[in-house]
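Engineer: I have a structure here, written as structure tokens, and I will follow up with some questions on it.
Protein chains: 2
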Amino acid sequence: MSRGTLVAMGAAAERRERLRDEFRREIVGAARRIVVEDGYAALTMRRIGEAIGYSAASIYQYFANRDAIAGALMEEGFVELVEAFAPAATIADPLSRLKAVGRAYVRFGLTRPETYRLMFMEDPKITAGVLEGSAGENSAGMRAYAAILEPLVQLFERGRLRDDLTPPVAADVMWISLHGLVSLKLTCPKFPATPDDALLDATMETLACGLLQ
Amino acid sequence: MSRGTLVAMGAAAERRERLRDEFRREIVGAARRIVVEDGYAALTMRRIGEAIGYSAASIYQYFANRDAIAGALMEEGFVELVEAFAPAATIADPLSRLKAVGRAYVRFGLTRPETYRLMFMEDPKITAGVLEGSAGENSAGMRAYAAILEPLVQLFERGRLRDDLTPPVAADVMWISLHGLVSLKLTCPKFPATPDDALLDATMETLACGLLQ
DNA sequence: GTCTATAGGCTGATAGAC
DNA sequence: GTCTATCAGCCTATAGAC
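Residue numbers (the working numbering), protein chains in the order written: chain F, 504 to 716; chain V, 504 to 716.
As structure tokens, this is what we get:
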């Protein structure tokens, strides 16, 4: 809610809105716990209702439908991803920063499998909705992307990027590889037989050697 | 069914078995069409029954449950993937062969989204079952993996592989990147903003530069 | 605002008739 | 072997009482 909307309301309406927001957050919190514990398929209105001590029907007062709750959950996921990038983002050297961001991405995905799955592997409709709805702005999704792009821009400016690449293309290649590592490990933990750590090291080194000159 | 089993049966039993196999194939064929058209979630016993002109209950005479059908569908997917690799596998130069296999993999995934999704993005339980159940043998899954591994072995033998890599690790890095490209495009077609072709070119070139020395 | 009740679906799987 | 009927559940979403 914008500041403009707030000042236009009376104090009572304002308090009501605050309570409403709190309730919405409670719903999303419960939804997160359900998804983390039992996956996206287990996210039903009944289970959310149970978790917050209300009937399923009440939830429709706060969210239009189940997809809207999943969308809110995804947005929270992007905020967490940006937070996971924060320590890496302070590193001065762009190549070290890029590598640290990459490692943070993979750690995020492997330690929050169900959140990651919801954000990037589950429902194209909802993922598209959240990414498009928040594109262009200073959204968490764009800030996460920027954390990968920005070190590559700096490397490009220093003439370190392979010369057939532009920073956005290099960022997409990087993202693809990181996503591939996380998502393949989430769906078939056994098969890429290389252990997680060695695979991450080899992937980061391959990207560093392959993207730079 | 093994040859040994066949010769131990009478001619009548043999014919019965052949009919049974034919029926099983019909079921899997119908299942494939449903998954291709409407996705894995639409794969229900009732819909399969409708498609083959039998009741849902009859299917349980041929498959233990729905997961067994999904597993059979995945195995067919691996066979198709190996077939998709066939033209590339004849190329003599190992680097050209590796690149052609990579392109064939991405084409397979992007042109059969629902099959690919079922094989690598959907249900860890079934994917694990099929990959483990067919590991070690001359299964389609292993042959698909071999198509990526083998050119890398040849490059390794010629001393062309980056020297901190072994062929299996390099194969896993390659697979991860290809899978990342396909799976990200399937879940959010819009966001990695680089067009498919340019992204594939950039990824293959990055892998070639990054894995080799 | 919250509830119960319910419409109107869907699912996998099985029992028992034929 | 195939069927119908059914069990035992699940779901989203809404109407209408309070």
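Beta carbons are placed, not taken as given, at the ideal position from N, Cα and C, and that holds for glycine. Here the structure is a predicted model, which means the values were calculated and not measured.
When we look at the beta-carbon of V/S686 and count the other beta-carbons within 10 Å, is it buried (16 or more) or exposed?
Structural biologist: Here residue 686 of chain V refers to the residue found at position 183 when the second sequence is read from its first residue. When all chains shown are included, V/S686 counts as buried.
Engineer: In the DSSP assignment, find the unbroken alpha helix (DSSP H) run with V/T709 in it and report its ends.
Structural biologist: As a working note, residue 709 of chain V is residue 206 in the second sequence. 699-714 is the span of the alpha helix (DSSP H), which, as asked, contains V/T709.
Engineer: For the stretch 599-632 of chain V, which residues have a beta carbon sitting closer than 7 Å to at least one beta carbon of chain F?
Structural biologist: Within the stretch 599-632 of chain V, the qualifying residues are F623, M624, P627, T630, A631.
Engineer: At a CB distance below 8 Å, what residues from the stretch 650-663 of chain V approach chain F? Give them in sequence order.
Structural biologist: Within the stretch 650-663 of chain V, no residue qualifies.
Engineer: Using beta-carbon positions only, say whether F/V500 and F/G542 come within less than 8 Å of one another.
Structural biologist: Since the first residue shown for chain F is 504 and the last is 716, residue 500 of chain F is missing from the structure and cannot be characterised.
Engineer: Since V/R665 meets chain F, which of its residues come closer than 8 Å, beta carbon to beta carbon?
Structural biologist: Numbered from its first residue, the second sequence carries residue 665 of chain V at position 162. In chain order: E708, T709, C712.
Engineer: Please classify V/R519: is it buried, with 16 or more other beta-carbons within 10 angstroms of its beta-carbon, or exposed?
Structural biologist: Along the second sequence, one-based indexing puts residue 519 of chain V at 16. Classification for V/R519: exposed.
Engineer: Put V/L687 into one of helix, strand or coil per three-state DSSP.
Structural biologist: Here residue 687 of chain V corresponds to residue number 184 of the second sequence, with the count starting at 1. Note: V/L687 maps to helix in three-state DSSP.
Engineer: Considering only the beta carbon of each residue, do V/L601 and V/L655 sit closer than 8 Å?
Structural biologist: Position 98 of the second sequence, counted from the start, is the residue given in the question as residue 601 of chain V. Position 152 of the second sequence, counted from the start, is the residue given in the question as residue 655 of chain V. Yes, the Cβ-Cβ distance between V/L601 and V/L655 is below 8 Å.
Engineer: Is F/T690 closer than 8 Å to V/P627 when the C-beta atoms are compared?
Structural biologist: Position 124 of the second sequence holds residue 627 of chain V. Position 187 of the first sequence holds residue 690 of chain F. Contact flag set, yes.
Engineer: Could you check whether V/V672 and F/T697 sit closer than 8 Å to each other, using their CB atoms as the reference points?
Structural biologist: Within the first sequence, numbered from 1, the residue matching residue 697 of chain F stands at position 194. Within the second sequence, numbered from 1, the residue matching residue 672 of chain V stands at position 169. Their beta carbons are under 8 Å apart, which means F/T697 touches V/V672 by this criterion.
Engineer: Along the alpha helix (DSSP H) that carries V/G513, what are the first and last residues, could you check?
Structural biologist: As a working mapping, residue 513 of chain V is identified with position 10 in the second sequence. From DSSP, V/G513 is part of no alpha helix (DSSP H); its letter is neither H nor E.
Engineer: Considering only C-alpha positions, which residue in the set F/A514, F/A511, F/G552 is nearest to F/D526?
Structural biologist: Along the first sequence, read from residue 1 onward, the residue named residue 526 of chain F stands at position 23. It should be pointed out that residue 526 of chain F corresponds to Phe in this sequence rather than to Asp. The candidate whose alpha carbon is nearest that of F/F526 is F/G552.
Engineer: Can you list, in chain order, the residues of its chain whose CB lies under 6 Å from that of F/A554, leaving out five sequence neighbours each side?
Structural biologist: Here residue 554 of chain F is taken as the residue at index 51 of the first sequence, counted from 1. Once the five neighbours on either side are set aside, the close Cβ partners of F/A554 are A533.
Engineer: Buried or exposed: which applies to F/L652, given that a residue is buried once 16 or more other Cβ atoms fall within 10 Å of its Cβ?
Structural biologist: Counted from its first residue, the first sequence places residue 652 of chain F at position 149. Buried.
Engineer: Verify the CB distance criterion: does F/T690 have a CB-CB separation below 8 Å to chain V?
Structural biologist: Within the first sequence, the letter at position 187 stands for residue 690 of chain F. At least one chain V Cβ lies under 8 Å of F/T690.
Engineer: Report the neighbours of V/P671 on chain F: residues whose CB is nearer than 8 Å to its CB, in chain order.
Structural biologist: Here the question's residue 671 of chain V lines up with position 168 in the second sequence. Those are A696, T697, listed as they occur along chain F.
Engineer: Return the Cβ separation of F/L658 and F/P597 in integer angstroms, given the expectation that the two are a contact with Cβ distance under 8 Å.
Structural biologist: Position 155 of the first sequence, counted from the start, is the residue given in the question as residue 658 of chain F. Position 94 of the first sequence, counted from the start, is the residue given in the question as residue 597 of chain F. Indeed, because the Cβ distance is near 5 Å, the residues count as touching under 8 Å.
Engineer: Just tell me which of F/L546, F/G513, F/A514, F/A587 has its CA closest to the CA of F/L576.
Structural biologist: The residue you call residue 576 of chain F lines up with position 73 of the first sequence. When each option's Cα is compared against that of F/L576, the closest is F/L546.
Engineer: What are the residues that DSSP puts in a beta bridge with V/L601?
Structural biologist: Residue mapping note: residue 601 of chain V aligns to position 98 of the second sequence, counting from 1. Answer is none; V/L601 lacks a bridge partner.
Engineer: Roughly how many angstroms lie between the CA atoms of F/A701 and F/M512, to the nearest whole one?
Structural biologist: Here residue 701 of chain F corresponds to residue number 198 of the first sequence, with the count starting at 1. Here residue 512 of chain F corresponds to residue number 9 of the first sequence, with the count starting at 1. In a straight line, the C-alpha of F/A701 is about 57 Å away from that of F/M512.
Engineer: Out of curiosity, what's the CA-to-CA distance linking V/E640 and V/R646?
Structural biologist: Indexing the second sequence from 1 puts residue 640 of chain V at position 137. Indexing the second sequence from 1 puts residue 646 of chain V at position 143. When rounded, the distance between both Cα atoms is 9 Å.
Engineer: DSSP three-state call for V/L546: helix, strand or coil?
Structural biologist: One-based indexing of the second sequence puts residue 546 of chain V at position 43. In this structure, V/L546 counts as coil in the three-state DSSP scheme.
Engineer: How far does the alpha helix (DSSP H) with V/I629 in it extend, from its first residue to its last?
Structural biologist: Counting from 1 along the second sequence, the entry for residue 629 of chain V is found at position 126. Run containing V/I629: 627-636, per the alpha helix (DSSP H) assignment.
Engineer: Let me see if you follow: with CB-CB separation under 8 Å, is V/L546 close to chain F or not?
Structural biologist: Reading the second sequence from its first residue, position 43 is the one you call residue 546 of chain V. Answer no: the Cβ-Cβ gap between V/L546 and chain F never drops below 8 Å.
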